[in-house]
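Encoded as structure tokens, the structure appears first; notes follow it.
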Amino acid sequence: ISGSFRMNERAVYMRYVYAGLSGDANYGLQAVQSYPGAWLNDFYYNGPRSLLVADLLAIQGRKELAREEYQRALAEIRRAKEANPSDTSASRAELWVLLGLGQMDEARAAARKLYEQQSRPFWPVYTVWWHHVIPAELLSGNRKEALELMKEAAQLPVIRDQMRVAMKIDPRMAPFRDDPEIQAILAEPTAAKPPQR
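In the numbering used here, the protein residues as written are 78 to 274.
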């Protein structure tokens, strides 16, 4: 894949993420629907274009059209996995499709498998939050796993700052923003007080 093609995929994905954060689904749909391929393969996202379309349609409240796109995405992912069983890179996209379809038991199991694949301690190199393992665990209902990963990642100040901002601006995280355990994990550590004389 040429560098310019990778940049095209990156630009499409970044417009999709911005659309998800801002709620301006049309902005993302213009980019995603104009992308000529059926699959994006980028450092930030590896999966079918139809998953991105489905998410943006869901933001617009077009539930039936979104469901059709999620089902199309699931079929594409399963074809890719069947063609190359040793390649597990599409598993993360499959998890997000299951969440989109509301298949929570399957999504929870897929998220737990993703959790088990993480190297520990979990000190992630910068990655885009939108398809990150932590929101996947939270949204699938795997709270314990999500908090464990957050605690480990929060040991790195730059990652703690990124997670704090993501929790504030990601509309999907609204149910978790006031969670006292999450707030404690993401709080700035207090400076140690000097000993009393």
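Ideal Cβ positions, reconstructed from N, Cα and C, are used throughout, including at glycine.
Every value quoted in this text rests on a predicted model; they were computed, and no experiment measured them.
**Report entry** Sequence ranges, beta strand (DSSP E) only - wholly within the region 99–163, length at least 3
**Finding:** 116–118, 123–125
Query raised in the report: In or out: GLY138 buried (at least 16 other Cβ within 10 Å) or exposed?
Result: exposed
Report task. Express the C-alpha separation of VAL210 and VAL130 in angstroms, rounding to a whole number. Result -> 21 Å
Query raised in the report: Okay, do the region 185–202 and the region 229–248 touch, 3+ Cβ pairs below 8 Å being the bar?
Result: Yes, they touch.
Report task. Report back the beta-carbon spacing between ASP132 and ARG87 to the nearest angstrom; my notes put them in contact at under 8 Å. Result -> Rounded, the Cβ-Cβ distance is 17 Å, inconsistent with contact.
Query raised in the report: If we ignore side chains and look at the alpha-carbon of each, how far apart do THR165 and LYS221 end up?
Result: Between THR165 and LYS221, the alpha-carbon positions lie close to 24 Å from each other.
Report task. Quick one: residues in its chain with C-beta nearer than 8 Å to the C-beta of ASP101, no 5 flanking neighbours on either side, listed in chain order? Result -> Result list for ASP101: TYR95, in chain order.
Query raised in the report: By Cβ distance, which residues of its chain are closer than 6 Å to ILE262, with the 5 residues on each side in sequence left out?
Result: MET227, LYS228, ALA231.
Query raised in the report: So ALA150 packs on SER168, CB below 8 Å; how close in whole Å?
Result: In fact, because the Cβ distance is near 13 Å, the residues do not count as touching under 8 Å.
Query raised in the report: At which residues does the alpha helix (DSSP H) containing LEU233 begin and terminate?
Result: Element bounds for LEU233: n/a, residue is neither H nor E.
**Report entry** Straight-line Cα distance separating ILE259 from ILE246
**Finding:** 15 Å
Query raised in the report: Would you call ALA264 buried or exposed, if buried means 16 or more other Cβ atoms sit within 10 Å of its Cβ?
Result: exposed
**Report entry** Closest by C-alpha distance to ASP256, when choosing among VAL89, MET244, GLU153
**Finding:** Of the candidates VAL89, MET244, GLU153, the residue whose Cα lies closest to the Cα of ASP256 is MET244.
**Report entry** Simplified DSSP state of ASP182, which is helix, strand or coil
**Finding:** helix
Query raised in the report: Which whole-angstrom value is the C-beta distance of PRO212 and MET181, which I expect to be below 8 Å?
Result: The Cβ separation is near 15 Å, so there is no contact.
Query raised in the report: Would GLY179 be called buried (16 or more neighbouring beta carbons within 10 Å of its own) or exposed?
Result: Label assigned to GLY179: exposed.
**Report entry** ARG237 versus PRO266, LEU216, GLY218, residue with shortest Cα-Cα distance
**Finding:** PRO266
Query raised in the report: Considering only C-alpha positions, which residue in the set LEU216, VAL205, GLY218 is nearest to VAL242?
Result: VAL205
Requested in this report: Leaving aside the five residues before and after PHE253 along the sequence, list all residues of the same chain whose C-beta is less than 8 Å from its C-beta, in chain order.
Outcome: LEU215, MET244, ILE259
Query raised in the report: By Cβ distance below 8 Å, which residues in the same chain neighbour TYR147 in space, the five residues on each side in sequence not counted?
Result: SER127, LEU128, ALA131, VAL174, GLY177, LEU178
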